[in-house]
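K.L.:
One structure coming up, written as structure tokens, with questions to follow.
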Amino acid sequence: SFSSDAPDIGWQSAFQSGFGGAQIPLAGGELCGYMGLMDSSMTIYPEQIMLDAEIAMNVYETYKKFELEDLDVNLDVIREVGPQGHFLRQKHTRTHIRDFYYSPIFDQKDSEGVLREPREVALEQFKEIEKNHHPEPLPGDVLKELDRILAAADKKALELGS
2 SFSSDAPDIG
12 WQSAFQSGFG
22 GAQIPLAGGE
32 LCGYMGLMDS
42 SMTIYPEQIM
52 LDAEIAMNVY
62 ETYKKFELED
72 LDVNLDVIRE
82 VGPQGHFLRQ
92 KHTRTHIRDF
102 YYSPIFDQKD
112 SEGVLREPRE
122 VALEQFKEIE
132 KNHHPEPLPG
142 DVLKELDRIL
152 AAADKKALEL
162 GS
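Counting from 2, one number per residue, gives the positions in the sequence shown under our numbering.
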């Protein structure tokens, strides 16, 4: 999970979220939970949701399944460039240079070229999503089914509490 016991965003929360996130695929999991939760899952930070999503994306890119045949490795280009050469002039490089994930949060610079704090960028992105994302409401039959499930869970909780 991405939850952290840290009381605030910092080194500890980054370590715990990153380490927890990296364990998910290693244990065979495909889903993660608790994104943005900190302080023993008692506090949620909007910017931590974005930072945890960034960790999840990097974990996905690191562990995603690939087949060797699917890799676009052009051995002819490698032979042509040779040792101590570079690949920037190669068409293959220009075609595939964007195949790698680049973070929208880290390494962002302000108008003066100074690196911005990832926490600041993450909060800005969260506010932008919150302002502009307007999901479609769930259909009525789905809402009724959710209400039925919650009512059954409430009833079961009362039975267990007695």
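By construction, the Cβ of each residue, glycine as well, lies at the ideal position given by its N, Cα and C atoms.
Are the CB atoms of S4 and G21 nearer to each other than 8 Å?
P.N.:
Contact: yes.
K.L.:
Given that a residue counts as buried once 16 or more other Cβ atoms are within 10 Å of its Cβ, and exposed if not, what is I150?
P.N.:
I150 comes out exposed.
K.L.:
Where does D53 land, buried or exposed, given buried means 16+ other C-beta within 10 angstroms?
P.N.:
Buried, by the Cβ-count rule.
K.L.:
By the three-class DSSP mapping on this structure, what secondary structure does M39 have?
P.N.:
If DSSP states are grouped into helix, strand and coil, M39 belongs with the strands.
K.L.:
Just mark Y246 as buried or exposed, buried being the case when its beta carbon has 16 or more other beta carbons within 10 Å.
P.N.:
With the chain represented from 2 up to 163, any question about residue 246 goes unanswered, as that position is not in the structure.
K.L.:
At a cut of 8 Å, does the stretch 92–99 reach the stretch 13–27 through at least three beta carbon pairs?
P.N.:
Because the criterion of three Cβ pairs below 8 Å is not met, the stretch 92–99 and the stretch 13–27 do not touch.
K.L.:
Would you list the residues sitting across from I45 in a DSSP beta bridge?
P.N.:
Looking at the DSSP assignment, I45 forms a beta bridge with L38.
K.L.:
Would a C-beta distance cut-off of 8 Å place R117 and K128 closer than the cut-off?
P.N.:
No, these two residues do not count as a Cβ contact at 8 Å.
K.L.:
Hey, out of L32, I50, V143 and Y102, whose CA is closest to I10's CA?
P.N.:
Residue I50 is the option with its Cα nearest to I10.
K.L.:
Alpha carbon to alpha carbon, how far is L124 from D40? Give it in angstroms, no decimals.
P.N.:
D40 and L124: Cα-Cα distance of roughly 18 Å.
K.L.:
Considering only the beta carbon of each residue, do I56 and S2 sit closer than 8 Å?
P.N.:
No, the Cβ-Cβ distance between I56 and S2 is not below 8 Å.
K.L.:
Rounded to the nearest angstrom, what separates D155 and K145 at their Cα positions?
P.N.:
The alpha-carbon atoms of D155 and K145 are separated by roughly 15 Å.
K.L.:
Which of the three DSSP states is assigned to K65 in this structure?
P.N.:
The answer is coil: DSSP assigns K65 none of H, G, I, E or B.
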